[in-house]
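From first to last, the protein sequence lines are chains A and B. Counted the way the numbering used here counts, the first sequence spans residues 10 to 222. Counted the way the numbering used here counts, the second sequence spans residues 10 to 222. Built from N, CA and C at the ideal position, the CB exists for glycine as well. Predicted model only: the values in this text are computed from it and were never measured. Read through the structure below, which is laid out as structure tokens, and then see the notes.
Number of protein chains: 2
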Amino acid sequence: MEGTAAPGSRNEQAASPRRAPSQQRSRERVERMLAAASALIAEQGSDAMRMGEVAERAGVSIGSLYQFFPDKRAIIWALAERYTAESQACIAAALAEVNDAEGLRRAFSELVDIYYGMFLAEPVMRDIWSGTQADKALRELELADSRANAEFLTAVLKRLRPSADPEALETTAFLIWQMGEAAMRLAISVGRQEGDRLVAAYKRMALRELVGE
Amino acid sequence: MEGTAAPGSRNEQAASPRRAPSQQRSRERVERMLAAASALIAEQGSDAMRMGEVAERAGVSIGSLYQFFPDKRAIIWALAERYTAESQACIAAALAEVNDAEGLRRAFSELVDIYYGMFLAEPVMRDIWSGTQADKALRELELADSRANAEFLTAVLKRLRPSADPEALETTAFLIWQMGEAAMRLAISVGRQEGDRLVAAYKRMALRELVGE
DNA sequence: TTGCAAATGTGAGGATAATTCATATTTTTA
DNA sequence: TAAAAATATGAATTATCCTCACATTTGCAA
């Protein structure tokens, strides 16, 4: 339709690392680069984000961009990493104090709502996680994130059911977490009403598994 | 690392359609193109698949490729569509005759095993569904496929629980299906042993929801 | 059979966007 | 304050997708 080239990154390997900004000046510029990238992703999606545009909007040259990010995916990865760090802290806090079934029910339910709200409200995060599977580094980040989050859940389960097989609890927690992300991705890709129903159904199923009937 | 350009397709729109092959000769060539694409995806992934390579391996010119496929995504889409058609038929057959809880348990369990086996054995399908989220047309195909598959499941549930709210059954079936795909994607991205455990856990959770305790 | 229109085939070249690199400037260090 | 390190720049290079003007083959009616 448009005389458009549509190249895709060739490989799955991480690009060569770049120097981290050590001076105040460059740290600020890197922040501007990330902010620009984030804004562009929010507007058009990460796929349509152009490196030249990121540089322009950040008020730096294209060369400066590559001074700190080895390639386009590295910018996206950096944004993703910030999100995961932030949400992990939030999840850890929500689950840390849980010591009984009712507490778990309440905390998990709230967590799902918060997560769903984030998915609905954060176009950048949504876009990045959508494209996750096509990029090895991102896939690994997401997997690590999921494992970390599941771990918090596992810890709670071990407290609630000390006699259960720990490995089974880990599997359950990991699966529930991952299925939750799938449910939310699905929920935001259909209409709001059906999405809400799907999330509610997920919550019910997960809770049945976590705290029983 | 490599002096590599890594353009990504700019837009989310379907490209202009191309003529369908009407002569024997061109039908055969289109088959060769799809076979070549499939082989290349199996070897390197769809992202690394080069249009020039597809043409070369199929023994046609790059121009011929574009005679029948408006763009790169269209080839991938065509492969995906074949898979979905095939698997839908298989799923429909497996669920068509189910009329009681025990039958559902057996059929669903078998279906999961088959699906998991397919995921493990079909690198092409796996790759395509992985990249699904980044491409609007593929996302829609997958969603439609998922809905269609869920529909078979819904039909069974309606037979088993005539008095239940139909909308709730639909939501449940859709969610279970989608979470199953998520579980399998997860399962194949971790080690085989953990993957097996995850699929087994999913199966147990899904069955609990479908046929009760 | 012949001739023409439709279908198909071809590959050099246009277009876009990622990434590099030689060089210039600024900051830090000694 | 001079040398070293860090940072900044953007024109040029590269890789790929995709188009297009033109060549060839096929189907079919006269």
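Asked                                                                                                                               : Found
Every unbroken alpha helix (DSSP H) within the stretch 103-182 of chain A, with a cutoff of 4 residues, ordered by chain            : 110-130, 132-140, 145-169
Of the residues A/Val39, A/Asp154, A/Leu147, A/Gly54, the one placed nearest A/Ile71, counting alpha carbons only                   : A/Val39
A/Gly204 beta carbon near the ligand PLP (any heavy atom closer than 7 Å)                                                           : For the structure depicted, the ligand PLP is absent and the ligand set is empty, with no information on it obtainable.
Distance between A/Pro30 and A/Arg36 (C-alpha atoms, nearest Å)                                                                     : 5 Å
Three-way DSSP call (helix, strand, coil) for A/Ala64 in this model                                                                 : helix
Rounded Cβ spacing between B/Ile197 and B/Phe128 (contact assumed at less than 8 Å)                                                 : 5 Å
Near-chain B residues of the stretch 37-57 of chain A - C-beta to any C-beta below 7 Å                                              : Asp56, Ala57
Three-pair Cβ contact test at 8 Å for the stretch 94-102 of chain B versus the stretch 64-81 of chain B                             : no
Length of the line joining the Cα atoms of A/Val220 and A/Arg114                                                                    : 7 Å
Under 7 Å by beta carbon: chain B residues contacting A/Ala210                                                                      : Thr180, Thr181, Leu184
Through-space distance from B/Ala57 to B/Tyr125, alpha-carbon basis                                                                 : 25 Å
Proximity test, Cβ basis, 8 Å: B/Arg201 and chain A                                                                                 : no
DSSP-derived helix/strand/coil call for B/Gln32                                                                                     : coil
Assigned exposure category for B/Asn108 - 16 Cβ within 10 Å defines buried                                                          : exposed
Reduced DSSP secondary structure (H/G/I, E/B, other) of B/Met188                                                                    : helix
Contacts around B/Glu151, its chain only, beta-carbon distance under 7 Å, and the 5 residues preceding and following it disregarded : Trp138, Thr141
Cβ-based neighbour list, A/Trp86, same chain, cut-off 7 Å, excluding 5 preceding and 5 following                                    : Ala146, Leu147, Leu150
Beta-carbon separation (whole angstroms), A/Thr181 vs B/Ala210, contact threshold 8 Å                                               : 6 Å
A/Lys167 versus A/Pro175 - alpha carbon distance                                                                                    : 7 Å
Under 9 Å from the C-beta of A/Met214: neighbouring residues of chain B                                                             : Thr181, Leu184, Ile185, Met188, Met214, Ala215, Arg217, Glu218
Where B/Leu120 meets chain A, residues with beta-carbon distance less than 7 Å                                                      : The contacting residues do not exist; B/Leu120 stays about 17 Å from chain A at best.
Option in B/Gln32, B/Val63, B/Gln33, B/Glu52 with minimal Cα separation from B/Ala46                                                : B/Val63
Given B/Ala89 as reference, the closest of B/Ile185, B/Phe161, B/Asp154, B/Leu178 once Cα atoms are compared                        : B/Asp154
Pick from A/Arg41, A/Ala105, A/Gln32 that is closest to A/Glu160, judged by C-alpha positions                                       : A/Ala105
Through-space distance from B/Arg194 to B/Gly61, alpha-carbon basis                                                                 : 30 Å
Cβ separation of B/Val133 and B/Ala51, assumed to be a contact under 8 Å, to the nearest whole Å                                    : 5 Å
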